[in-house]
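The next block holds one structure in the form of structure tokens; read it before the comments.
4 protein chains.
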Amino acid sequence: MEKIPTEESLKAQKSILDRLNRIEGQIRGIKSMIEKGTYCDDVINQIEASRSALGAVELILMESHLKNCITDQLKAGNDEEIESLFKMVKKLMR
Amino acid sequence: MEKIPTEESLKAQKSILDRLNRIEGQIRGIKSMIEKGTYCDDVINQIEASRSALGAVELILMESHLKNCITDQLKAGNDEEIESLFKMVKKLMR
Amino acid sequence: MEKIPTEESLKAQKSILDRLNRIEGQIRGIKSMIEKGTYCDDVINQIEASRSALGAVELILMESHLKNCITDQLKAGNDEEIESLFKMVKKLMR
Amino acid sequence: MEKIPTEESLKAQKSILDRLNRIEGQIRGIKSMIEKGTYCDDVINQIEASRSALGAVELILMESHLKNCITDQLKAGNDEEIESLFKMVKKLMR
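Protein chains in written order, with this note's numbering: chain A, 4 to 97; chain B, 4 to 97; chain C, 4 to 97; chain D, 4 to 97.
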């Protein structure tokens, strides 16, 4: 069953897409820095900024994943969902 | 209601305490390195090893937290538990 | 003074650009997952994969930064370079 | 040649030892939580706090390592020191 998107969920989706567009722009910026042979200090800082920005998107999705998907699945008795959550958290803790 | 510990849970507890004892020993070792003025490269590597060892304990507890506490709480309708899980994951992702 | 690129350095540059192109493709893939409303588990795993891939590029650049830029700058007496390296390492350790 | 410790370096050493003593106390606290069967949420948060505290000590040592050891070694022509720094940074970035 597909859920009908609410106005709020559409706004959240738009905000995530905006962030991802900015990150895509950052990656392109890093490519052109590498092509021009920019001093590595700046490139590393720029990569670190993109990783942070991706981390922020991940956090938004994680909040929604926990509060919606995981909660619903566990209540529906799909306990194996917690195993996939644990694998995900394990990767984050690496 | 207190749960009667199973043989398995006592073994798990013992294994975690063994790990924590080793970590406590590592911290004492780091203190004596600092007191002796040991070359910083070795001290940093030793601290990094203790942090990894703590991370391994954290992962064991996290697995049990997710598979027992979180699953039980959500099924009992305590949805606010997911908020505290999100805060925890947020810290790990920092 | 601009350094004349060696064959080896051109190969390294090409390999980094290839990696960044793949990452750019991954980001576009994540955007289309979000647009389609893909189940959040998969999206989070995909973001985590992109962050790892960026981390791998960062490591390649870091190695070159340390072995070339930092070494040269310190030998030339530019000790302030170590301050900017410390700031960078601090961000990585967050 | 052993360096004669300055008043400043003794103060720094004392501050690091104080931090390590607090961390050792935290580890003992975690052990007694585990022995008492404390709710895992609190234990995980406490472990995370100890890891952060160790990270803070690591950062202090890293600053001194970069500004003293690494700078001196590179100036003395011991270029292989940068290889061990890279290995250390690699571990931190994991």
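Backbone N, C-alpha and C fix where the C-beta goes; we use that ideal spot for every residue, glycine too.
When the five nearest sequence neighbours on each side are left out, the beta carbons in the same chain lying within less than 6 Å of the beta carbon of R22 of chain C are those of V60, in order along the chain. As the crow flies, the alpha-carbon of E27 of chain B is around 12 Å from that of Q49 of chain B.
Check the Cα spacing between S53 of chain A and each of A:I30, A:H68, A:N71, A:S12: the tightest is with A:I30. In this model, D45 of chain D and M96 of chain C are separated by some 24 Å (Cα to Cα). Residue contact check for V60 of chain A against chain B: no CB pair falls below 8 Å. With respect to C43 of chain A, S67 of chain C sits close: the two C-beta atoms are nearer than 8 Å.
Residue state for G40 of chain C is assigned as coil, using DSSP reduced to three classes. Residue-level contact check: K94 of chain D touches chain B, since one or more beta carbons of chain B fall below 8 Å from its beta carbon.
Against chain B, a Cβ distance below 7 Å from S53 of chain D picks out L57. Taking every protein chain shown into account, the CB of L64 of chain D has 16 or more other CB atoms within 10 angstroms, so this residue is buried. In the three-state scheme derived from DSSP, where H, G and I count as helix and E and B as strand, A79 of chain D is classed as coil. For a cut-off of 8 Å, the C-beta gap from I47 of chain D to Q16 of chain B is around 15 Å, too long to register as a contact. With at least 16 other beta carbons inside 10 angstroms of its own, L57 of chain A counts as buried. Straight across, the Cα-Cα distance linking F89 of chain D with L62 of chain D is about 16 Å.
Around the C-beta of L77 of chain A, 16 or more other C-beta atoms lie within 10 Å, and the residue is accordingly described as buried. With respect to the 8 Å criterion, I85 of chain D and T9 of chain C are not classified as neighbours on the basis of their beta carbons. When 7 Å is used as the limit between beta carbons, T41 of chain C is near no residue of chain D, the shortest such separation being about 28 Å. In summary, the residues of the stretch 7-30 of chain B whose CB is separated from some CB of chain D by less than 7 Å are Q16, I19, L20, L23, I26, E27, I30, in the order they occur in the chain. Contact of I33 of chain B with chain D is assigned, a C-beta pair being separated by under 8 Å. Taking the Cα of R25 of chain B as reference, the smallest distance to any Cα among D:N24, D:K34, D:R25 is reached at D:K34. Just measuring C-alpha positions, the residue of C:N71, C:L13, C:G32, C:D82 sitting nearest L20 of chain A is C:G32. Distances from the CA of N71 of chain C to each of D:N71, D:K70, D:E83 were compared; the closest alpha carbon is that of D:E83. Contact of L69 of chain B with chain A is assigned, a C-beta pair being separated by under 8 Å. Across the stretch 74-89 of chain A, CB contacts with chain B closer than 7 Å involve T74, L77, K78, D82, I85, L88, F89, in sequence order along the chain. For T9 of chain A, the three-state secondary structure derived from DSSP is coil.
Going by C-alpha positions, K14 of chain B is about 35 Å away from K93 of chain D. Within chain B, no C-beta atom comes less than 7 Å from the C-beta of M36 of chain A; the nearest is roughly 27 Å away. Sorting B:G40, B:S12, B:E51, B:G80 by C-alpha distance to the C-alpha of K39 of chain D places B:S12 at the top. Straight across, the Cα-Cα distance linking E51 of chain C with M91 of chain C is about 22 Å. Look at R97 of chain A here: in three-state DSSP terms it is coil, with no helix or strand label.
Chain D has no Cβ within less than 8 Å of the Cβ of D45 of chain B.
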